[in-house]
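Numbering (our numbering), first residue to last: 90 to 421.
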């Protein structure tokens, strides 16, 4: 007579199975909702980071463009004037008159250079007292004459001598002569200016004058560019810095460790300038294939960060600026 007890015990087993299945269904639903929420939160964070970085990148592009586009326009004007007056780098007096106003009225420019493939060069440099003009004779000997002017343009004194310097070997000259488009202004990669021993970039332009190749260039130091970027009003936690395409970080002159780097103003990424964040950002950018106008997520100091990368100029990929959002989220 065991059939009857077994028959009455079956509803309990059914209820147990139903309860178990219900619990599993609830757990599965909660898990799916948690996963969806995690994905949505992650996507929301990315969208927020993208919105912030895009806004900051646009701000940087506009600011840098306001600094660099007038330089390009002024260089085209200078080239046209040199051609119209048939001036060569040996014509110091008329060159002084022509190019001095550019230095007076464009503070982002530190120097103006005019050279040709004979090695002859004219260079006008802004200094603390006024101006300095330097001329180099044609040939490989490196014979130079320097003339100092006060702020009104009156000559103060002059000197001559030799220097281990050839304009035809400088980055701005090589960049210009390699261009195949006659009216295209080219920007050099960042390098240390020979005269000032500070880092900068040069807008240059080459053209033919008979059998000669001539090049004009305008020097733009990087320190003022970085000061403009650092002075921008990013959203809370945003900031920017500069580095070269090879990953070397630009060291502003105000950085307390700049004296430790000798004459170089660029620090290789393995030397870890100012803590690991900037280094980790550049390393992540390189590992991601050096993307432009796209986000890179990376870890630094136990936190997760978003970084966005934009070219400093449309015609050079050697200098880029990074805008990072320093409202990090703890890595999962």
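For every residue, glycine included, the Cβ atom is placed at its ideal position computed from N, Cα and C.
Alpha-carbon to alpha-carbon, residue j and residue i
| i | j | result |
| --- | --- | --- |
| residue 254 | residue 300 | 24 Å |
| residue 335 | residue 227 | 34 Å |
| residue 178 | residue 170 | 13 Å |
| residue 150 | residue 401 | 7 Å |
| residue 248 | residue 217 | 18 Å |
| residue 231 | residue 397 | 45 Å |
| residue 302 | residue 295 | 7 Å |
| residue 159 | residue 278 | 19 Å |
| residue 266 | residue 291 | 13 Å |
| residue 386 | residue 367 | 13 Å |
| residue 189 | residue 148 | 31 Å |
| residue 192 | residue 260 | 21 Å |
| residue 238 | residue 286 | 21 Å |
| residue 395 | residue 252 | 47 Å |
| residue 87 | residue 194 | The first residue shown for the chain is 90 and the last is 421, placing residue 87 beyond what the model contains. |
| residue 338 | residue 399 | 15 Å |
| residue 392 | residue 369 | 11 Å |
Selection from the options that minimises the alpha carbon distance to residue i
| i | options | result |
| --- | --- | --- |
| residue 186 | 246, 339, 201 | 201 |
| residue 250 | 234, 297, 260 | 234 |
| residue 206 | 389, 225, 218, 199 | 225 |
| residue 372 | 318, 391, 332 | 332 |
| residue 176 | 338, 378, 304 | 304 |
| residue 240 | 308, 380, 338, 220 | 220 |
| residue 311 | 337, 293, 297, 281 | 281 |
| residue 165 | 203, 286, 263, 199 | 203 |
| residue 89 | 289, 298, 183, 293 | The structure shown does not extend to residue 89, since the chain is modelled only from 90 through 421, so no value can be given for it. |
| residue 199 | 389, 306, 236 | 306 |
| residue 276 | 157, 105, 399 | 157 |
| residue 257 | 194, 142, 211, 384 | 211 |
| residue 181 | 236, 152, 378 | 236 |
| residue 167 | 263, 378, 293, 330 | 293 |
Exposed unless 16 or more other CB atoms sit within 10 angstroms - verdict on residue i
| i | result |
| --- | --- |
| residue 365 | exposed |
| residue 269 | exposed |
| residue 245 | exposed |
| residue 173 | exposed |
| residue 382 | exposed |
| residue 318 | buried |
| residue 161 | buried |
| residue 163 | buried |
| residue 273 | exposed |
| residue 349 | Its pLDDT being 44, under 50, residue 349 is placed unreliably in this model, and the value from its coordinates should be taken loosely. By the neighbour-count rule (16 or more Cβ atoms within 10 Å), residue 349 is not buried but exposed. |
| residue 106 | exposed |
Those residues which DSSP pairs with residue i across a bridge
| i | result |
| --- | --- |
| residue 281 | 288 |
| residue 221 | 214, 237 |
| residue 394 | 387 |
| residue 162 | Residue 162 is not bridged to any residue. |
| residue 272 | The partner list for residue 272 (beta bridge, DSSP) is empty, contrary to what the question assumes. |
| residue 306 | 202, 293 |
| residue 250 | 233 |
Contacting residues, own chain, Cβ-Cβ under 8 Å from residue i (five flanking each side not counted)
| i | result |
| --- | --- |
| residue 229 | 208, 255 |
Residues of its chain near residue i, where Cβ-Cβ distance is below 6 Å and the 5 sequence neighbours each way are ignored
| i | result |
| --- | --- |
| residue 284 | 214 |
Own chain residues within Cβ distance below 7 Å of residue i, not counting five before or after
| i | result |
| --- | --- |
| residue 360 | Note that residue 360 scores 43 on pLDDT, short of 50, meaning its location in the model is unreliable; the coordinates nonetheless yield the value given after this. Correct list: empty, nothing qualifies. |
| residue 375 | 336 |
| residue 390 | 365, 366 |
| residue 197 | 156, 160, 309, 313 |
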